[in-house]
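A.B. asks:
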Amino acid sequence: MAEASPEVTAVLLAKGFCDLHDRAANDGSAVQQDASLPPAARRALSMLSGLSLSAGISDDLGASVHTAMDLACGPFRDWGLPQFRPPFRHADVVLVERDLGVPTADCRELARAGGSEAAALEEIHHEALRMALKDYPARERARAYTSIREFVVRNPAVRDEDLHRFLVEGGHAAAARTIMSFYRPVPQAALHGGVGRRCAHCGSLLWPDRDAASFPDGRCRIRQCRLANPTPAKRDDVEAPGLWRLGTNAVLAYWVGPGLDEIRIHDALKAAGRKVVLYPQADAADVGVDGLDIGIDVKTYASPVVLAARLSRSIGRLDMFARRILAVPDDKLDLNPRYLQQLRDAYQGQHALEFMTSSQAIRELSR
Numbered sequence: 001m002a003e004a005s006p007e008v009t010a011v012l013l014a015k016g017f018c019d020l021h022d023r024a025a026n027d028g029s030a031v032q033q034d035a036s037l038p039p040a041a042r043r044a045l046s047m048l049s050g051l052s053l054s055a056g057i058s059d060d061l062g063a064s065v066h067t068a069m070d071l072a073c074g075p076f077r078d079w080g081l082p083q084f085r086p087p088f089r090h091a092d093v094v095l096v097e098r099d100l101g102v103p104t105a106d107c108r109e110l111a112r113a114g115g116s117e118a119a120a121l122e123e124i125h126h127e128a129l130r131m132a133l134k135d136y137p138a139r140e141r142a143r144a145y146t147s148i149r150e151f152v153v154r155n156p157a158v159r160d161e162d163l164h165r166f167l168v169e170g171g172h173a174a175a176a177r178t179i180m181s182f183y184r185p186v187p188q189a190a191l192h193g194g195v196g197r198r199c200a201h202c203g204s205l206l207w208p209d210r211d212a213a214s215f216p217d218g219r220c221r222i223r224q225c226r227l228a229n230p231t232p233a234k235r236d237d238v239e240a241p242g243l244w245r246l247g248t249n250a251v252l253a254y255w256v257g258p259g260l261d262e263i264r265i266h267d268a269l270k271a272a273g274r275k276v277v278l279y280p281q282a283d284a285a286d287v288g289v290d291g292l293d294i295g296i297d298v299k300t301y302a303s304p305v306v307l308a309a310r311l312s313r314s315i316g317r318l319d320m321f322a323r324r325i326l327a328v329p330d331d332k333l334d335l336n337p338r339y340l341q342q343l344r345d346a347y348q349g350q351h352a353l354e355f356m357t358s359s360q361a362i363r364e365l366s367r
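The UniProt record's numbering applies: residue 1 is where the sequence shown begins, and numbers increase by one.
#1: Report, in whole angstroms, the separation of the C-beta atoms of glutamate 97 and arginine 198, which I expect to be a contact under 8 Å.
#2: Around the C-beta of methionine 69, are 16 or more other C-beta atoms found within 10 angstroms, so that it is buried, or is it exposed?
#3: So, for asparagine 336: in the same chain, excluding its five sequence neighbours on each side, which residues have a beta-carbon less than 8 Å away from its beta-carbon?
#4: Could you check the C-alpha separation between arginine 130 and arginine 177 for me, to the nearest Å?
#5: Which one of Ala250, Arg323, Gly62 has the shortest CA to CA distance from threonine 104?
#6: State the start and end residues of the unbroken alpha helix (DSSP H) segment that holds methionine 180.
#7: Leaving out five residues before and five after serine 29 in sequence, what residues of the same chain have Cβ atoms less than 8 Å from its Cβ?
#8: Would DSSP call leucine 343 helix, strand or coil?
#9: Bridge partners for arginine 324 per DSSP, in chain order?
#10: Let's test the definition: count the other Cβ atoms within 10 Å of the Cβ of threonine 248 and tell me whether it reaches 16, buried, or not, exposed.
#11: Counting C-beta neighbours from all protein chains within 10 Å, is the total for aspartate 27 16 or more, i.e. buried, or is it exposed?
#12: If you draw a straight line from the C-alpha of alanine 271 to the C-alpha of proline 39, how long is it?
#13: With H, G and I counted as helix, E and B as strand and the rest as coil, what does DSSP make of cysteine 220?
#14: Tell me whether the beta-carbon of aspartate 293 lies closer than 8 Å to the beta-carbon of alanine 322.
#15: Taking the C-alpha atoms as reference points, what is the distance between glutamate 169 and alanine 41?
#16: With distances taken between CB atoms, is the gap from leucine 333 to threonine 357 smaller than 8 Å?
#17: Are three or more beta carbon pairs between the region 154 to 173 and the region 204 to 222 nearer than 8 Å?
#18: According to DSSP, is proline 87 part of a helix, a strand, or is it coil?
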């Protein structure tokens, strides 16, 4: 029997984990090692077992979906399979956000690249907001979209009274139900003896960590925040967590995490005197500069190859802008110094794109 392809195995694992998560999110189904596993997940586990056998390792990595899901919280290169180590082109891909329990952006894109059209939760939230804004006057929709997205990114944890004030004073009664759905009550598991602690870097919560000696105040569960700020810091205590709301896991993963660099770029360019707006034209770009002169999109993919495949298929409405910049967080170069070069080399799209880190984009446009 021919050895399973590492590439196809990776794609089917991505598809399987997306299917498992979406089913659980939709109907609350638990992940079980039985006939209820989605077909892509069953096939992926079988192929993973084949790779384990071929590699001669003692553990059958495909024997348990739970084992595979735990491995998927780290990059393929760390799975213990020689087939997944460099030069395997997806070696850096992480499929599951360990703390939030959702598929990563890389996972969603890898699933799509393999023919899967798994409904990405980030797009579900975008669409829910766009549908809610249909009740606004047409001339107000773009402004309202920017206002709501910015509020959520800047307020991953928020007092009930501040959230309601935003709804009332911002004129968002028509979208109130949708905006409220982006938040949930603060989970008991996030508390430290009944008190919450907010992250000084992003404003989300610091969750208790098993390694209390290293992380006495807890750790932020937003991956992009942890990568940019390896040392946790507490902003303040949330003394009455019952009066607060926390973003849902999907919102934290798909809006707040990537949004940290979007906000950083916007605020820096505004301070430099540039005319900037967040999420212009209802999300044609993440940051717009001087109207339609410059559009900046921020992507936080771990793999430049996966990101290039996404961009080669489509850059979305970024093509509205005369100059198009694709920015990635600075920490991508700390982990992979050739990230930008690999991204440039792999990009095969028809539109001209400039690839920069967030800091490079700020320096370039602040001159």
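We put the CB at the ideal spot given by N, CA and C, even for glycine. Here the structure is a predicted model, which means the values were calculated and not measured.
C.D. replies: Looking at the coordinates:
#1: Not really, about 20 Å apart at Cβ, beyond 8 Å.
#2: buried
#3: Asp92, Pro304, Gln342
#4: 13 Å
#5: Ala250
#6: 176 to 181
#7: Arg23, Ser36
#8: helix
#9: Gly295
#10: buried
#11: exposed
#12: 51 Å
#13: strand
#14: yes
#15: 47 Å
#16: yes
#17: yes
#18: coil
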